[in-house]
Amino acid sequence: MDLPQDIQSPWDLFSGAVKKYPTNRMVGQRQVTDGKAGEYVWQTYEEVCQKVMRIGSAIRSLGVEPGAHCGIYGSNCPEWVMAMQACNSQGICYVPLYDTLGAKAVEFIMYHAEISIAFVQESKIKSILAVLPKCTAHLRAIVSFGDFASEMKAEAERLGVSCFSWEEFSSMGKQDYQLPNKRKEDICTIMYTSGTTGDPKGVIITNKAIVAGVMTTEHLLKETDKVITEEDSYFSYLPLAHIFDQVIENYCISKGASIGFWQGDIRYLMEDVQVMKPTIFCGVPRVYDRIYTGINMKIQSGGMIARHLFQYAYNYKLANMRKGLKQHEASPFFDKIVFSKIKEGLGGRIRLMIAGAAPLPGQIEEFMRVTTCSVVVQGYGLTESCAGCFTSIANIFSMIGTVGPPVTTIEARLESVPEMGYDALSDTPRGEICLRGHTMFSGYYKRPSLTEEVFSDGWFHTGDIGEWQSNGTMKIIDRKKNIFKLSQGEYVAVEVLERAYLQIQYS
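Take 1 as the starting number for the sequence shown in full-length UniProt numbering and just add one per residue.
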């Protein structure tokens, strides 16, 4: 698929949406009064753009030029998106920092990526201060998403790092700097992944890769008549520090849709969903497993008649979907009297659910497709492929258990792995999944030898073992290296676990 010539970067997606949908709701979060979260309060595209331009100007006022690196550290919130767009506006690379990488990894990334300004959630400031002594060579300022406690500000300033609250920093953005030209080949972000052993790897993602990821999502959803529009609203809770959520949010922004953020507390996740009433929901398998378990517990706690009715309705709709009927055509009657209750538990407006980051078990995918009155799509991707490179087509039920065919911006092939008994040319083709295309990363930051290891003749070797299905879809069956992916999308190296267990002294 060819990419549009008039869109060079994610900034073009955002600025275009501001012109087209200035008064649309863009970002929202629940208003907290006396410690209690209330309704969502929204900011329009035009309001957000004005704040983004001030933040971008403030960045430049500190002498940070296009091509420099800024870090963003915190839970999903409007300020996270504004910091990202401010960097995009000025041609500055943003580098997400993420809790699960650990304190040492945060220190490594800030030093390795030469972070000039760190935009930080208030609750994370202490973590940043803990690693400051080794990061002051490049760091000029810390900008809080909210306020900045005086004692913390004093501690940072003793080390030569300026500190600003969000409002203080925004007020510095009074000068109109000429926005630099953006090219598709420019680095948009460097996303550090947990990897397997050693230090995190900085995955270089260009403007072209992000734009291609957005165009891929648009093309995929056209296949199911579920293209996102300005009427849609997306529930944001998957970490923006991961590429999966970033691509989805950039896509929503390009369409003038609304993005509502969770409170940042898993205990109130479903409450936030019910208050916001989104139409688009993305999740990793662990989240869908919790939803699946919760629904089943409620069903089992009901009366015998209710349980039998649910099972009859489930089997009836499942049979029709297996015959090829679309989700909304398979059983409108039971959708209304049985499954609508499940939809209400998700806010009542969900029409599209996307699963990614790790394989979704077949029984959970089937259950969600039947019961949620929503289209469910599962994909496979990596940070290196800028999220999804294979995606199932929602209304083709035979794709359950697979990750679907390759997306239109990617070429995929299998390479034999004889030492594991996988033959890519056999009647059942199996081998390592190799990729190339518009969404692929440009290499690992400052690690050319590692980049050379994973590329061969322009093909990226994923390390995942796949099996082509007769219908052109891919099934993930193994991992070439001794690592595996948890249901929340994080990698665990078997070798690391083995070393840890060997150090335990048993009595």
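Quick reminder that beta carbons are idealized off the backbone N, C-alpha and C, glycines included.
Given the structure is predicted, the values throughout are model-derived calculations rather than measurements.
CA-to-CA distance, residue j to residue i, given in whole angstroms
i: Ala355; j: Phe281; result: 9 Å
i: Val106; j: Ile266; result: 23 Å
i: Cys135; j: Glu365; result: 44 Å
i: Asp186; j: Ser385; result: 16 Å
i: Phe169; j: Tyr444; result: 32 Å
i: Arg499; j: Gly198; result: Here the model assigns Arg499 a pLDDT of 49, short of 50, so the residue's position is not dependable, and the following value carries that caveat. Using only the alpha carbons, I get a separation of about 13 Å.
i: Gln363; j: Gln311; result: 15 Å
i: Val161; j: Ser150; result: 14 Å
i: Leu318; j: Glu39; result: 37 Å
i: Trp42; j: Gly256; result: 14 Å
i: Ser398; j: Ala313; result: 20 Å
i: Lys208; j: Asn88; result: 13 Å
i: Phe334; j: Val247; result: 35 Å
i: Ala103; j: Tyr268; result: 26 Å
i: Glu495; j: Pro418; result: Model confidence at Glu495 stands at a pLDDT of 48, short of 50, so the residue's coordinates are unreliable and nothing is read from them.
i: Asn315; j: Met270; result: 27 Å
i: Ile295; j: Ile342; result: 7 Å
i: His112; j: Ile396; result: 45 Å
i: Ile228; j: Val214; result: 11 Å
i: Tyr73; j: Tyr21; result: 29 Å
i: Glu432; j: Glu453; result: 14 Å
i: Ile92; j: Ser123; result: 25 Å
i: Val48; j: Gln274; result: 25 Å
i: Arg351; j: Tyr234; result: 11 Å
Buried versus exposed call for residue i [16 or more other C-beta atoms within 10 Å across all chains shown]
i: Met191; result: buried
i: Arg369; result: buried
i: Thr293; result: exposed
i: Ile477; result: exposed
i: Met304; result: exposed
i: Val32; result: exposed
i: Thr100; result: exposed
i: His438; result: buried
i: Ser507; result: For Ser507, the pLDDT reaches just 46, beneath the cut-off of 50, and the residue's location in the model is therefore unreliable, although a value from the coordinates is still provided. Exposed: under 16 other Cβ atoms inside 10 Å.
i: Leu97; result: buried
i: Ala154; result: exposed
i: Asp464; result: buried
Simplified DSSP state of residue i, which is helix, strand or coil
i: Leu352; result: strand
i: Trp459; result: strand
i: Asp464; result: strand
i: Ile396; result: coil
i: Glu495; result: Note that Glu495 has pLDDT 48, beneath the 50 cutoff, so the model's placement of it is unreliable and no number is given.
i: Phe244; result: helix
i: residue 559; result: Examination of residue 559 is not possible in this model, given that the chain is present from 1 through 507 alone.
i: Met440; result: coil
i: Asp199; result: coil
i: Lys36; result: strand
i: His138; result: coil
i: Trp42; result: strand
i: Cys163; result: strand
i: Ser507; result: With a pLDDT of only 46 at Ser507, under 50, the local geometry of the prediction cannot be trusted, and the value read off the model is given with reservation. Ser507: coil per DSSP, three-state reduction.
i: Ile7; result: coil
i: Lys323; result: coil
i: Gly345; result: helix
i: Gly294; result: helix
i: Arg447; result: coil
i: Ser331; result: coil
Presumed contact (8 Å Cβ cut-off) between residue i and residue j, rounded CB distance
i: Leu62; j: Ala212; result: Not confirmed; about 32 Å, so no contact.
i: Phe390; j: Val403; result: 4 Å
i: Pro278; j: Gly347; result: 6 Å
i: Ile204; j: Phe455; result: 13 Å between Cβ atoms; not a contact.
i: Leu360; j: Tyr288; result: 6 Å
i: Thr383; j: Thr216; result: Actually they are not in contact, since the Cβ atoms of Thr383 and Thr216 sit about 15 Å apart, beyond 8 Å.
i: Pro405; j: Thr473; result: 5 Å
i: Ala118; j: Gly71; result: 4 Å
i: Gln121; j: Pro180; result: The Cβ separation is near 28 Å, so there is no contact.
i: Gly260; j: Ser236; result: 7 Å
i: Trp80; j: Leu240; result: 5 Å
i: Ile125; j: Met152; result: 6 Å
i: Thr189; j: Tyr251; result: Thr189 to Tyr251, Cβ: 16 Å. No contact.
i: Gly466; j: Leu425; result: Wrong, their Cβ atoms sit about 14 Å apart, outside the cutoff.
DSSP beta-bridge partners of residue i
i: Arg60; result: Partner(s): none; Arg60 has no beta bridge.
i: Pro406; result: Phe390
i: Arg413; result: Cys434
i: Thr206; result: Ile187
i: Gly18; result: One point to set straight first is that residue 18 is Val, not Gly, in the sequence displayed. Bridge partners of Val18: none, in fact.
i: Cys70; result: Tyr94 and Ile117
i: Cys282; result: Ile354
i: Leu129; result: DSSP lists no partner for Leu129.
i: Ser144; result: Val120
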